[in-house]
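*Asks:* Top to bottom, those sequences are chains A and B. Under UniProt numbering, the residues of the first sequence are numbered 1 to 259, in order. Under UniProt numbering, the residues of the second sequence are numbered 1 to 266, in order. Structure incoming, see below.
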Amino acid sequence: MSFLTLEHVSHHYFSKTDYTKALDDISFSLKEGEFVALLGPSGCGKSTILSIIAGIMKQTVGNVLLEKKPIDESELAIGYMLQQDYLFPWKTIIDNVLLGPKINNKSTDELRNNAIKMLQEVGLSNVQDSYPSSLSGGMRQRVALVRTLINDPKVLLLDEPFSALDYQTKLKLEDLVGKLLKNYHKTAILVTHDIGEAIAMSDRILVMNANPGSIAKTFEVPIELRQSLPLTVRKHPKYQVLFDKIWEELDKREGGDIR
Amino acid sequence: MKSDKQLYDNYLKKLKKERKIVLTWQVIILAVFFVLWEVASRFYWIDPLLFSSPTKVSISVVERFSNGSMFTHLSVTLFETILGFIIGTIGGVVLATLLWSFTRFSKVMDPYLVVLNAMPKVALGPIIIVALGPGYMAIIMMGFLVSVIITTLTVYSAFNEVDPNYSKVLKSFGATRWQCFKEAVFPATMPTMISTLKVNVGLSWVGVIVGEYLVSKQGLGYLIIYGFQVFDFTLVMSSLVMIAILAAIMYKLVEKLESWLIKHTV
Ligand SMILES: Nc1ncnc2c1ncn2[C@@H]1O[C@H](COP(=O)(O)OP(=O)(O)OP(=O)(O)O)[C@@H](O)[C@H]1O
Ligand SMILES: [Mg+2]
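Laid out in structure tokens, this is it:
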């Protein structure tokens with residue numbers, strides 16, 4: 001039973017003088033509750049894939065189906081956390097977080113309390129009335145994460161959500177998000193540059209090729225790793241084996257030698 | 001060892017001292033200007049008939065205020081300028097919003113806006129007077145015309161320069177184009193709109209004074225032309241001084257409004 005499907009999706013960016021083929025014939029599908037990681041060199045089209053699934057851009061070729069319906073006809077909420085946080089500088093943190101409910105006319109006091117609780121969960125208490133400019137990059141990223149989660153989306157698209165965090169906060173948040181997604185049985189796609197993060201969080205890893213972007217190889221994460229939390233996964237013997245295999249694959253594509 | 005508080009106090013003291021020095025210089029320059037003007041006029045370094053003198057100007061201003069004539073002219077001009085300023089600014093923002101809402105309309109309008117912008121609006125004066133009659137309406141129209149096109153263009157281009165990723169965030173929540181405008185594009189452009197306010201103060205004065213030159217019934221612009229025709233240059237100078245004072249006050253008020261707006265919206 002596939003939940004989210006991409007069928008032969010290609011995407012071109014057009015300009016007056018030229019065009020870029022960013023994606024070439026991408027096909028994959030996710031089951032409900034599945035967590036997939038996208039791994040690949042910079043510029044291979046990872047953000048483009050997410051924007052298309054989020055319905056912000058229309059692919060130039062192919063179909064994207066959510067529960068067998070084209071995404072623009074689907075009613076299901078998709079949560080997209082962009083690569084940069086894009087918090088609105090003129091809104092307070094709490095107003096930023098409650099942007100989704102506001103757009104959908106669903107703001108309630110209950111949601112507001114929920115938002116404050118979630119902010120606390122990611123380690124941000126007493127910031128709700130501050131403005132984004134007074135927060136550090138890592139704090140802003142966590143706010144953006146809460147802003148995405150508060151809408152309770154069925155599908156989560158995360159574009160390098162933990163890139164601006166220190167290692168410890170990152171591991172803790174991976175745990176938190178991993179737990180949240182498993183508990184609520186969410187479907188998710190995570191874009192990352194961190195092989196460890198991909199293995200620790202996802203069920204399946206898609207390694208991409210650049211120019212034009214395509215799927216090079218798929219790695220299944222062993223079942224033992226899937227069931228444990230991100231922090232403990234990194235200590236499992238099978239973790240290192242998979243890490244090495246993916247490393248080799250990526251190394252091969254990027255031409256290897258940096259020596 | 002100095003405490004943090006002491007360091008901070010020192011910093012504040014330094015700021016205060018700097019402000020005092022700047023203010024002192026500003027007062028000195030003003031005083032020197034008036035003294036030089038007076039002296040030059042008394043000793044015939046400049047022709048007192050043409051350039052008048054501060055004492056003559058102040059006597060004339062006081063006299064005209066006490067018999068009420070200055071106040072009438074002044075309030076007429078002020079009324080026209082403020083109205084021209086407000087309608088021009090709001091009109092510009094509304095037009096820019098229309099252009100943004102209808103992309104094709106904006107593409108079609110582009111060459112016309114460019115021509116209108118390049119055109120010196122005061123040159124339209126006679127036509128406006130013929131169309132609207134020689135009165136308030138024509139003059140307010142001038143104050144409006146001078147500021148509206150440039151406001152439209154500035155605000156419209158600021159709308160387009162807003163980072164599209166803010167709209168992306170909103171679209172991922174299912175926002176419509178209008179919601180994107182309300183939540184992202186418009187507030188992000190607030191600083192630009194506020195800064196056009198300041199520019200428009202100056203522009204509306206240009207439009208209104210030229211309008212009064214042409215209509216020649218009442219107002220400070222009319223006083224200048226009248227003084228010029230009857231060779232009463234003290235009157236011309238008095239009117240100029242009044243304009244300078246009023247324009248400065250209006251500018252300061254807009255500046256206050258600006259900082260208030262920035263505090264409460266951005
Ligand atoms: N708006 C755009 N206009 C034209 N070309 C674009 C645009 N956005 C992306 N591209 C091109 O499409 C390709 C894929 O871009 P994309 O942002 O999806 O890469 P990415 O995999 O997310 O990279 P990174 O890891 O650096 O974020 C790149 O070659 C980029 O130059
Ligand atoms: Mg990217």
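Idealized CB from N, CA, C, for every residue including glycine. Keep in mind the model is a prediction, meaning the values are calculated, not measured.
Give me, in chain order, the residues of the same chain whose beta-carbon lies closer than 6 angstroms to that of Gly137(A); leave out the 5 immediate sequence neighbours on both sides.
*Replies:* Counting only Cβ-Cβ distances below 6 angstroms, and skipping sequence neighbours, we find Ala164.
*Asks:* Which one of Phe231(B), Val35(B) and Leu257(B) has the shortest CA to CA distance from Pro191(B)?
*Replies:* If we check each option's Cα against that of Pro191(B), Leu257(B) comes out closest.
*Asks:* Report the residue from Glu32(A), Thr48(A), Leu65(A) and Tyr80(A) whose alpha carbon sits nearest the alpha carbon of Ala210(A).
*Replies:* When only C-alpha atoms are compared, the closest one is Thr48(A).
*Asks:* Measuring only the C-alpha atoms, how far is Val143(A) from Gly123(A)?
*Replies:* The alpha-carbon atoms of Val143(A) and Gly123(A) are separated by roughly 10 angstroms.
*Asks:* Taking Cβ positions, are Ile189(A) and Ile246(A) nearer each other than 8 angstroms?
*Replies:* No; because the gap between Cβ atoms is not below 8 angstroms, this pair is not in contact.
*Asks:* Return yes when at least one heavy atom of ligand 2 lies under 7 angstroms from the C-beta of Gln84(A), else no.
*Replies:* Not so, every heavy atom of ligand 2 lies at least 7 angstroms from the Cβ.
*Asks:* Using the DSSP secondary-structure output, state which residues sit across from His12(A) in a beta bridge.
*Replies:* Per DSSP, Lys21(A).
*Asks:* Please list, in chain order, the chain B residues whose beta carbon lies closer than 8 angstroms to that of Tyr13(A).
*Replies:* Within chain B, no residue comes near Tyr13(A); the closest Cβ sits about 13 angstroms away, beyond 8 angstroms.
*Asks:* Pick helix, strand or coil for Met208(A), following the three-state DSSP scheme.
*Replies:* Looking at Met208(A) - three-state DSSP - the assignment turns out to be strand.
*Asks:* Please state the DSSP three-state secondary structure of Lys263(B).
*Replies:* DSSP places Lys263(B) in helix when its eight states are reduced to three.
*Asks:* Quick check: what's the CA-CA separation for Leu253(B) versus Ile82(B)?
*Replies:* Taking the straight line joining both Cα atoms gives about 12 angstroms.
*Asks:* Ligand 4 and Ser47(A): does any heavy atom of the ligand fall closer than 7 angstroms to the residue's C-beta?
*Replies:* The ligand content of the structure shown is limited to ligand 1 and ligand 2, which means ligand 4 is not among them.
*Asks:* Where does Ile215(A) sit, in a helix, a strand or coil, going by DSSP?
*Replies:* Strand, per DSSP.
*Asks:* How many angstroms separate the CA atom of Val93(B) from the CA atom of Lys31(A)?
*Replies:* Going by the C-alpha atoms only, they are around 49 angstroms apart.
*Asks:* On the CB-based measure, 16 or more other CB atoms within 10 Å of its CB, does Asn96(A) come out buried or exposed?
*Replies:* So Asn96(A) ends up on the buried side.
*Asks:* Would you kindly check if the distance between the Cβ of Glu197(A) and the Cβ of Phe243(A) is under 8 angstroms?
*Replies:* No.
*Asks:* Just list the residues that DSSP pairs Phe35(A) with in beta bridges.
*Replies:* DSSP output for Phe35(A) lists Ala188(A) as bridge partner(s).
*Asks:* Please report how far the alpha carbon of Ser51(A) lies from the alpha carbon of Lys235(A), in whole angstroms.
*Replies:* The alpha-carbon atoms of Ser51(A) and Lys235(A) are separated by roughly 34 angstroms.
*Asks:* Please check if any C-beta of chain D sits within less than 8 angstroms of the C-beta of Gly100(A).
*Replies:* Of the chains in the structure shown, none is chain D; the protein chains are A and B.
*Asks:* Identify every run of the alpha helix (DSSP H) within the segment 212–242 of chain B, keeping only runs that are complete inside it and at least 4 residues long; order them along the chain.
*Replies:* 220–229, all fully within the segment 212–242 of chain B.
*Asks:* On the premise that Ser53(B) lies in contact with Ser66(B), defined as a C-beta separation below 8 angstroms, what is that separation, rounded to the nearest angstrom?
*Replies:* Ser66(B) to Ser53(B), Cβ: 20 angstroms. No contact.
*Asks:* Mapping the DSSP letters down to three states, classify Lys69(A) as helix, strand or coil.
*Replies:* In this structure, Lys69(A) counts as strand in the three-state DSSP scheme.
*Asks:* Applying the 10 Å Cβ sphere with the 16-neighbour rule, what's the burial state of Trp205(B)?
*Replies:* Trp205(B) is buried by the Cβ-count criterion.
*Asks:* Is the closest heavy atom of ligand 1 to the C-beta of Ala22(A) under 7 angstroms?
*Replies:* Ala22(A) Cβ: within cutoff of ligand 1.
*Asks:* Give a yes or no on whether the minimum CB-CB distance between Lys168(B) and chain A is below 8 angstroms.
*Replies:* Yes, contact with chain A.
*Asks:* Taking one C-beta from the segment 125–134 of chain B and one from the segment 199–219 of chain B each time, how about it: are there three or more such pairs within less than 8 angstroms?
*Replies:* The segment 125–134 of chain B vs the segment 199–219 of chain B: in contact.
*Asks:* When DSSP labels each residue in this structure, what does Thr5(A) get in the three-state scheme?
*Replies:* Note: Thr5(A) maps to strand in three-state DSSP.
*Asks:* Buried or exposed for Pro237(A), please, with buried defined as at least 16 other CB atoms from any protein chain shown within 10 angstroms of its CB.
*Replies:* The residue in question, Pro237(A), is exposed, as its Cβ has fewer than 16 Cβ neighbours within 10 Å.
*Asks:* Under 9 angstroms Cβ-Cβ, which residues of chain B neighbour Leu82(A)?
*Replies:* What Leu82(A) touches in chain B: Asn165, Lys168, Val169 and Ser172.
*Asks:* Taking DSSP as the reference, what is the three-state secondary structure of Asn160(B)?
*Replies:* Reduced to three states, the DSSP call for Asn160(B) is helix.
*Asks:* On a CA-only basis, which of Ser134(A), His11(A) and Asn126(A) is nearest residue 260(A)? Give me that one, please.
*Replies:* Given that chain A is displayed from residue 1 to residue 259, the structure contains no residue 260(A) and the question cannot be resolved.
*Asks:* Among Lys154(A), Glu220(A) and Glu224(A), whose alpha-carbon lies nearest the alpha-carbon of Gly33(A)?
*Replies:* Looking at the Cα atoms, Lys154(A) is the closest of the given residues.
*Asks:* Gly68(B) and Met142(B): beta carbons closer than 8 angstroms?
*Replies:* Against a cut-off of 8 angstroms, the Cβ pair of Met142(B) and Gly68(B) comes out as no contact.
*Asks:* Determine contact between the segment 221–232 of chain A and the segment 175–186 of chain A, defined as no fewer than three beta-carbon pairs at a distance below 8 angstroms.
*Replies:* These segments touch.
*Asks:* From which residue to which residue does the beta strand (DSSP E) around Leu157(A) run?
*Replies:* Residues Val155 to Asp159.
*Asks:* Quick check on DSSP: helix, strand or coil for Glu75(A)?
*Replies:* Coil.
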